[in-house]
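Chemist:
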Amino acid sequence: MSTPIKNIEKMPEFKELVTRRWTVATILTVLVFITYYGFVLVVGLSKATLAQKIGVVTTLGIPVAIAVIVISFFLTLYYVIWANSRYDSLALSILNKARSK
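Here our numbering is used: the first residue of the sequence shown is 7, the next is one more, and so on.
Okay, structure coming up:
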């Protein structure tokens, strides 16, 4: 006799859900790493680049650091919107199908 969890794991919809989640998570993780580690590498290897003045008292490092924060915010926002609109509905559909069996 199989358990309800085993039934869910066998469903093609569940496999699709897992694949989608890992794909989105991997892409977003890579983008966050590129953003943060790119910034850290520029800070560590080329301080003069970020020290360039772009105003009277502002250096290039300030808007670049703000851009890192903004990019991270929008990547998080994308994930939340994706999870709420697609992932949750598909997960609920899978759960309802498993309960009805």
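Backbone N, C-alpha and C fix where the C-beta goes; we use that ideal spot for every residue, glycine too.
#1: From which residue to which residue does the alpha helix (DSSP H) around residue 31 run?
#2: Where does residue 65 fall in DSSP's three states?
#3: What does the alpha-carbon distance come out to for the pair residue 78 and residue 49?
#4: Whole angstroms is fine: what's the gap from residue 7's alpha carbon to residue 28's?
#5: Below 8 Å on the Cβ atoms is my contact criterion, and I expect residue 57 with residue 44 to pass it. Report the Cβ-Cβ distance as a whole number of Å.
#6: Between which two residues does the alpha helix (DSSP H) containing residue 97 stretch?
#7: Return the bridge partner residues of residue 59 from the DSSP annotation.
Modeler: Looking at the coordinates:
#1: Residue 31 -> alpha helix (DSSP H) spans 18-51.
#2: In this structure, DSSP gives residue 65 an extended state, which the three-state scheme calls strand.
#3: Going by the C-alpha atoms only, they are around 18 Å apart.
#4: Note that residue 7 scores 45 on pLDDT, short of 50, meaning its location in the model is unreliable and no value can be drawn from it.
#5: Not a contact, Cβ separation roughly 17 Å.
#6: Run containing residue 97: 94-106, per the alpha helix (DSSP H) assignment.
#7: Bridge partners of residue 59: 65.
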